[in-house]
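K.L.:
First, the structure itself, so that you have it in front of you.
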Amino acid sequence: MAGHSKWANIKHKKAANDKKRGKLWTKLIREMTVAAREGRTSDPGAHPRLRLAVDKGLAANMPKDTIERACRRGAGETGGAHYEEVRYEGYGPGGIAVLVDCLTDNRNRTVAEVRHAFTRMGGNLGTDGSVSYMFNKVGILSYAPGTDEDKLTEAALEADADDVVVNDDGSIDILTTPEQYQAVVEAMNSAGLLPVASEVTMRAETLTEVDAETGGKLMRMIDDLEDLDDVSEVYSNADIPDEALGAMT
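Note that the sequence shown covers residues 103 to 351 in the numbering used here.
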């Protein structure tokens, strides 16, 4: 993994989420609702995806009663809107591959908004399967530069993680399968090794380096997409220069 901007990317994402906390709560509520419906339960302990969504809600300082209402609504215990999952694939500035995961109650509205965000920055939507083959679904636990690599590796092996990746900037990622993700998180926490960021995500097999100008355009496009109510996650295969990320923070 090239990842020379890995740590800067994490800081940028955290800053962006802090600025959009209201929208973040809305997106997390939708994710909890869909996860609860998928698992047919309002109990986070009974369904890994719901557990992950609830953990994200707690990390975002969402009130527990708000979380509980979303879970009950998704499980069918109360009324509410019906959301469906939709994924759009396309190309951003510089031909960078981009995946956009959405939770929507109106596909026509969502695709129009997503297409506009792409075209505004010179990108375009592709067909189903046009870029998704470049990504794998994995669990990632990220640690700051300077973390003890030997201690981290030993704990990761004991937790049955898949791999430990040291990025060019010195940050370290622990990779897991989505199924093992929660168990690995709990094992690392128990070992006193709390990640600064962790998630189940779509990880590009190979990153493509872009210059600062292209990286800036791509980050503006991604921010526009993430600002849409129906968009839950955006992924790309770009290796973005630190200066482009810093300019956006």
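In this text, a Cβ means the ideal position worked out from N, Cα and C, and glycines have one as well.
If you count every other CB in all the chains shown that lies within 10 Å of the CB of A340, and 16 or more means buried, which is it?
P.N.:
Your numbering for residue 340 matches position 238 in the sequence shown. Classification of A340: buried, given that the 10 Å Cβ count is 16 or more.
K.L.:
Would you grab the beta carbon distance between E170 and S334 for me? Rounded to a whole angstrom, and I think it's under 8 Å.
P.N.:
Taking the first residue of the sequence shown as position 1, residue 170 is located at position 68. Taking the first residue of the sequence shown as position 1, residue 334 is located at position 232. Going by Cβ atoms, the distance from E170 to S334 rounds to 20 Å, so no, they are not a contact pair.
K.L.:
Apart from the five residues just before and just after H106, which ones in its own chain have a Cβ nearer than 6 Å to its Cβ?
P.N.:
Counting from one through the sequence shown, the residue named residue 106 turns up at place 4. Caution is warranted here: a pLDDT of 46 is assigned to H106, below 50, making its placement in the model unreliable, and the coordinate value is therefore given only provisionally. Same-chain partners within the cutoff: D270, D271.
K.L.:
G192 by DSSP, collapsed to three states: which one?
P.N.:
By 1-based counting over the sequence shown, the position of residue 192 is 90. DSSP places G192 in strand when its eight states are reduced to three.
K.L.:
Could you please give me the residues that DSSP links to T303 through a beta bridge?
P.N.:
The residue given as residue 303 occupies position 201 in the sequence shown. The partner list for T303 (beta bridge, DSSP) reads V240.
K.L.:
Excluding the 5 residues preceding and the 5 following A104 in the sequence, name in chain order all residues of the same chain whose CB lies nearer than 6 Å to its CB.
P.N.:
As a first step, residue 104 must be located in the sequence shown, where it is residue number 2. Note that A104 scores 42 on pLDDT, short of 50, meaning its location in the model is unreliable and no value can be drawn from it.
K.L.:
Can you tell me the Cα-Cα spacing of G181 and V216, whole angstroms?
P.N.:
To locate residue 181, count along the sequence shown from 1; it is residue 79. To locate residue 216, count along the sequence shown from 1; it is residue 114. Going from the Cα of G181 to the Cα of V216 covers about 28 Å.
K.L.:
Determine the extent of the alpha helix (DSSP H) in which A177 is found, giving its start and end residues.
P.N.:
By one-based count along the sequence shown, residue 177 stands at place 75. Premise fails: A177 is in no alpha helix (DSSP H) and is neither H nor E.
K.L.:
Check for me: the beta strand (DSSP E) holding L201 runs from which residue to which?
P.N.:
Here residue 201 refers to the residue found at position 99 of the sequence shown. Residues 199 to 206.
K.L.:
Drop a sphere of 10 angstroms on the beta-carbon of A155, count the other beta-carbons inside from all chains shown, and report buried for 16 or more, exposed for fewer.
P.N.:
One-based indexing of the sequence shown puts residue 155 at position 53. By the 10 Å Cβ count, A155 comes out buried.
K.L.:
Does the distance from the C-beta atom of M290 to that of A261 stay below 8 Å?
P.N.:
By one-based count along the sequence shown, residue 290 stands at place 188. By one-based count along the sequence shown, residue 261 stands at place 159. A contact, by the Cβ cut-off of 8 Å.
K.L.:
Using a Cβ-Cβ cutoff of less than 6 Å, which residues in the same chain neighbour R139 once the five nearest sequence positions on both sides are dropped?
P.N.:
Position 37 of the sequence shown holds residue 139. Around R139: G176.
K.L.:
Is it the case that the region 237 to 251 contacts the region 297 to 307, given that we only count it when at least three CB pairs across the two stretches are under 8 Å?
P.N.:
Contact between the region 297 to 307 and the region 237 to 251 is present, because at least three Cβ pairs lie under 8 Å.
K.L.:
Which residues in the same chain as E186 place their Cβ atom closer than 7 Å to its Cβ, once the five residues preceding and following it in sequence are excluded?
P.N.:
Here the question's residue 186 lines up with position 84 in the sequence shown. Once the five neighbours on either side are set aside, the close Cβ partners of E186 are T206.
K.L.:
State the start and end residues of the unbroken alpha helix (DSSP H) segment that holds D325.
P.N.:
Against the sequence shown, residue 325 aligns to sequence position 223. Where D325 is concerned, the enclosing alpha helix (DSSP H) stretches over 314 to 328.
K.L.:
Which class does S232 belong to by DSSP, given the choice of helix, strand or coil?
P.N.:
Here residue 232 refers to the residue found at position 130 when the sequence shown is read from its first residue. In the structure shown, S232 sits in coil (DSSP, three-state: anything other than H, G, I, E or B).
K.L.:
In angstroms with no decimal places, state the Cα-to-Cα distance between T351 and T278.
P.N.:
Counting from one through the sequence shown, the residue named residue 351 turns up at place 249. Counting from one through the sequence shown, the residue named residue 278 turns up at place 176. At T351 the pLDDT is 48, less than 50, meaning the model places this residue with poor confidence; the figure from the coordinates comes in the next sentence. The alpha-carbon atoms of T351 and T278 are separated by roughly 29 Å.
K.L.:
Restricting to Cα atoms, I'd like to know which of T249, E251, F237, C173 is closest to S64.
P.N.:
The question about residue 64 has no answer here: the residues shown for the chain are numbered 103 through 351.
K.L.:
So L320 and G159 are supposed to be a Cβ contact under 8 Å. How far apart are they, rounded?
P.N.:
Walking along the sequence shown from the start, residue 320 turns up at place 218. Walking along the sequence shown from the start, residue 159 turns up at place 57. Not really, about 28 Å apart at Cβ, beyond 8 Å.
K.L.:
Could you tell me whether the Cβ atoms of A306 and V286 are closer together than 8 Å?
P.N.:
Taking the sequence shown and counting its residues from 1, the one referred to as residue 306 is at position 204. Taking the sequence shown and counting its residues from 1, the one referred to as residue 286 is at position 184. Cβ atoms of A306 and V286: not closer than 8 Å.
K.L.:
Ordered along the chain, which non-local residues of its own chain (more than five positions away) have a Cβ less than 6 Å from that of P146?
P.N.:
As a working note, residue 146 is residue 44 in the sequence shown. The residues are L152, R153, V156.
K.L.:
What residue range does the alpha helix (DSSP H) around D157 cover?
P.N.:
Within the sequence shown, the letter at position 55 stands for residue 157. Residues 150 to 161.
K.L.:
If the criterion is Cβ atoms closer than 8 Å, does the pair G225 and G192 meet it?
P.N.:
Stepping through the sequence shown from its first residue, residue 225 is reached at position 123. Stepping through the sequence shown from its first residue, residue 192 is reached at position 90. It is a contact, given that the beta carbons lie within the stated cut-off.
K.L.:
Would you mind reading off the limits of the beta strand (DSSP E) that contains Y337?
P.N.:
In the sequence shown, counting from the first residue as 1, residue 337 sits at position 235. Counting along the chain, the beta strand (DSSP E) containing Y337 begins and ends at 333 to 338.
K.L.:
I think I131 touches V312, with their Cβ atoms under 8 Å apart; what is that distance to the nearest whole Å?
P.N.:
In the sequence shown, counting from the first residue as 1, residue 131 sits at position 29. In the sequence shown, counting from the first residue as 1, residue 312 sits at position 210. At roughly 34 Å, the Cβ-Cβ gap does not stay under 8 Å, so I131 and V312 are not in contact.
K.L.:
Does the distance from the CB of A219 to the CB of M323 come in under 8 Å?
P.N.:
Position 117 of the sequence shown, counted from the start, is the residue given in the question as residue 219. Position 221 of the sequence shown, counted from the start, is the residue given in the question as residue 323. Yes, the Cβ-Cβ distance between A219 and M323 is below 8 Å.
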